Every structure is written in C-alpha cells, then in structure tokens.
Amino acid sequence: MFPGETEAHQSLLVSIVLCTYNGEKYIAEQLNSICNQRYQNLEIIICDDASTDDTMLILSRFSEKDPRIRLEKNAENLGFAKNFNSAVSRATGAIVGFADQDDVWHPDKIATLLANWPPGSPLIYCNSVRFFNEGEKDWNRKGNRSYRRFEGTDLRKIAIFNTVSGHALLMRRELVARVFPVPEGLVYDWYGAAVAACSGGVSYWPQTMVLQRVHAANTTVNGGFEFRPGQQNHSFKCLVDLHLNVFQQLPGAHQKFMQQLYGLWHGALTKPFSRRLFLFIARHQKILLWKKKKMGGLLSRIKHAYRLAKR
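In full-length UniProt numbering, the protein residues as written are 1 to 311.
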C-alpha cells in the first residue's frame with residue numbers, strides 16, 4: 001500500500017476520460033501509461049471522434065486486452081467540446097480524471113493524488129512539465145518555476161490566468177456534476193478550478209506526474225490559452241472575458257470584486273488602452289498576476305498590468 005493510502009482509497013473507482021482524434025502517433029504510449037498505473041481500480045472511457053488514421057485500430061487492440069477500457073467511436077466528427085462532454089457523461093467513478101491523447105503519465109500519478117487529497121477539497125492536481133523531444137522525458141524537472149500554482153479558495157488568483165491543468169487533475173464526482181457540461185466557450189479545467197475554489201477549495205501536489213508533449217498539432221498549447229504578446233494577445237483577452245462573465249456569477253466571498261473586474265475587462269476590449277483597468281490590476285497585482293514575487297519585481301508587474309490593459 002502506498003504511503004498515505006488507505007483501504008478506502010483503494011476501493012474508489014476512478015474514471016479516466018480520454019478523447020481521441022487522429023492520434024495514432026502518440027496514443028499507444030499515453031494509453032500504456034494509463035493502463036499501467038499502480039492504482040488499478042479504473043474504468044478508462046475512450047471516445048474517438050471519427051479518426052481517419054489508425055487511431056481506432058490501436059485503441060481496439062488495447063481494449064481487447066484490457067476489460068477496463070470502454071471504447072466508443074463517433075459516426076461523425078462532433079468536435080472536441082461535444083465529444084468531450086459526451087465522454088464525461090459516461091463516467092461512473094467516484095473520482096474522474098482527464099487524459100490528453102499525446103501525454104505521458106507517471107505510474108504513481110493516481111495513487112499519489114488520492115493519498116494526498118484533503119477530504120474537503122473537490123479537486124486536486126499535480127505539477128506537469130512540457131517536453132519537445134524524447135530526450136526531455138525527465139520526471140525530476142519542475143517546469144516553469146515562475147508561476148504561482150493556484151491552491152485554496154481565492155478565485156481572484158485564477159481570474160485572468162489558470163495554472164490548473166486538466167491533464168494533471170482529479171475531480172470528485174460531485175464537482176463533475178456541477179462543472180459538466182461545460183458552458184460554451186469555456187475551458188473545462190479553468191472553469192472546474194473556479195467552481196472548486198468556491199466549493200471547498202483546490203488542492204495542489206508539487207511533484208511532476210504528467211509529461212505534456214508539445215508538438216505542432218497541440219490544441220491547448222497553440223490555442224491562445226495563455227498570455228503572449230503579439231498575435232494571440234486579443235484571443236487570450238476574449239477568452240478571459242468569457243470566463244470572467246461566468247466567474248462573476250459564482251457565489252463566493254469575492255463576488256463584488258469579480259463583478260468589478262469583469263466590468264472593467266469587458267469595457268477595455270474595444271479601447272486602445274483602459275486606464276481604469278490598468279489601475280485596478282496594478283492595485284491588486286499581488287492577487288491577480290500569476291508570477292511569483294521573486295520572479296518578477298514591481299516594475300515587471302506594472303509593465304504586465306499595462307500590457308493587459310492595452311488592446
């Protein structure tokens with residue numbers, strides 16, 4: 001038995017949701033890392049979105065060998081959001097986790113998170129690091145140490161940037177029921193973390209338990225889900241706007257703050273520069289900005305607030 005693990009942990013059915021589409025290149029390695037988890041009480045739900053390559057052939061071979069796999073293939077391509085919501089609706093476990101088709105999991109990922117999960121928290125996630133080639137598969141890497149990883153109940157800390165990665169988290173069933181189906185346009189891990197923050201809090205385990213593969217076809221890595229200067233700046237701000245509109249409606253101690261932030265952020269989308277938004281972010285930069293203090297001095301934070309307030 002793993003340190004911290006109890007018989008109650010071992011009896012929990014954990015559902016792993018995996019959506020695939022033309023993932024033949026990397027899917028076998030990811031699925032091997034899931035099937036070979038030291039924690040074995042799993043159901044592995046795979047929904048393929050009408051792949052046109054050999055993804056289904058590979059998945060079928062796995063499902064023939066492992067009865068824990070429940071494999072479905074859509075007759076036509078639904079798109080990621082519909083396919084993902086459909087896959088999640090099939091999960092029956094007390095705990096639900098989510099896997100991308102091209103990553104690699106540490107064999108102790110599920111066991112470690114279960115053993116270190118505070119009872120009152122509906123969501124726990126671990127550290128993950130990106131790798132670009134096979135030589136970078138190092139479980140001792142810490143990744144981007146400048147980010148302040150979110151944990152706790154203060155929704156304001158992930159209001160404009162999310163550090164809770166879907167491929168690295170587990171949710172209790174009661175949270176899954178509140179989060180899914182995800183409102184249109186929202187990112188499930190960001191929204192899930194916000195709901196969790198308002199209903200018990202988010203827990204974080206700092207050990208690297210997922211290696212996130214970076215390649216040209218990545219959706220989340222290349223989809224503008226983080227702040228970058230230049231071309232993706234506006235798409236990032238529109239994405240934040242969608243989330244803030246929902247976050248301001250979540251019940252919590254900081255609802256008035258979130259409503260004010262949303263009003264300023266939304267109003268700034270059509271302005272070359274919003275002085276009011278800049279002053280608001282600068283005033284609350286210790287809460288809203290996601291760089292650790294030691295990684296970014298006051299001047300750096302002020303510059304960041306300026307960029308966020310500029311179209």
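Note that CB positions come from ideal geometry on N, CA and C, so glycine has one too.
Please read these numbers as outputs of a predicted model, since none were measured by experiment.
Backbone secondary structure at residue i - three-state DSSP
| i | result |
| --- | --- |
| Trp105 | strand |
| Ile302 | helix |
| Ala94 | coil |
| Val187 | coil |
| Arg70 | strand |
| Asn133 | coil |
| Leu289 | coil |
| Lys310 | strand |
| Ala87 | helix |
| Leu12 | coil |
| Trp205 | strand |
| Thr163 | coil |
| Gly200 | coil |
| Arg178 | helix |
| Ala194 | helix |
| Tyr21 | coil |
| Gly263 | helix |
| Gly223 | At Gly223, the pLDDT of 44 sits below 50, so the modelled position is not reliable; the number obtained from the coordinates is stated separately. Residue state, collapsed to three classes: coil. |
| Leu113 | helix |
| Phe280 | helix |
| Arg173 | helix |
| Leu155 | helix |
| Ala99 | strand |
| Phe150 | coil |
| Arg145 | coil |
Proximity of residue i and residue j at Cβ, strictly below 8 Å
| i | j | result |
| --- | --- | --- |
| Arg213 | Asp54 | no |
| Cys19 | Ala87 | yes |
| Ser11 | Ala91 | no |
| Gly120 | Gly200 | yes |
| Leu277 | Trp265 | yes |
| Ala197 | Asp154 | yes |
| Pro118 | Ser203 | yes |
| Lys286 | Arg311 | no |
| residue 315 | Ser51 | Nothing about residue 315 can be read from this structure; the chain reaches only from 1 to 311. |
| Ala305 | Ile281 | yes |
| Leu308 | Ala159 | no |
| Pro181 | Asn85 | yes |
| Ile58 | Ala28 | yes |
| Tyr39 | Ala111 | yes |
| Leu269 | Asp241 | yes |
Sequence-distant residues of its chain with Cβ nearer than 8 Å to residue i (five each side left out)
| i | result |
| --- | --- |
| Arg148 | Lys157, Thr163, Trp290, Lys291, Lys292 |
| Leu175 | Pro122, Leu123, Gly192, Val195, Ala196, Ser199 |
| Gln259 | Gln248 |
6 Å CB neighbourhood of residue i in its chain, flanking five on each side removed
| i | result |
| --- | --- |
| Met209 | His106, Lys109, Cys126 |
| Asn222 | Reliability of the predicted coordinates at Asn222 is poor, the pLDDT of 43 falling under 50, and no value is obtained from them. |
| Arg173 | Ala94 |
| Leu170 | Ile95, Gly97, Leu113, Ile124 |
| Asp100 | His167 |
| Glu136 | none |
Residues near residue i by beta carbon distance below 7 Å, same chain, minus five either side
| i | result |
| --- | --- |
| Met56 | Asp48, Lys73 |
| Leu31 | Phe62 |
| Tyr262 | Leu244, Asn245, Gln248 |
| Gln207 | Thr112, Cys126, Asn127 |
Cβ contact check for the stretch 185-198 and the stretch 139-148: 3 or more pairs under 8 Å: no
With a threshold of 8 Å, are at least 3 pairs of Cβ atoms found where one atom belongs to the stretch 104-116 and the other to the stretch 125-137? yes
Does the stretch 35-55 come close enough to the stretch 63-72 to have 3 or more Cβ pairs within less than 8 Å? Contact holds: three or more Cβ-Cβ distances are below 8 Å.
Counting only runs that start and end within the stretch 23-65, where is the beta strand (DSSP E) found for 3 or more residues in a row? Runs of the beta strand (DSSP E) inside the stretch 23-65: 42-48.
Quick one: which unbroken alpha helix (DSSP H) runs of 4-plus residues sit fully inside the stretch 228-254? Chain order, please. 233-247
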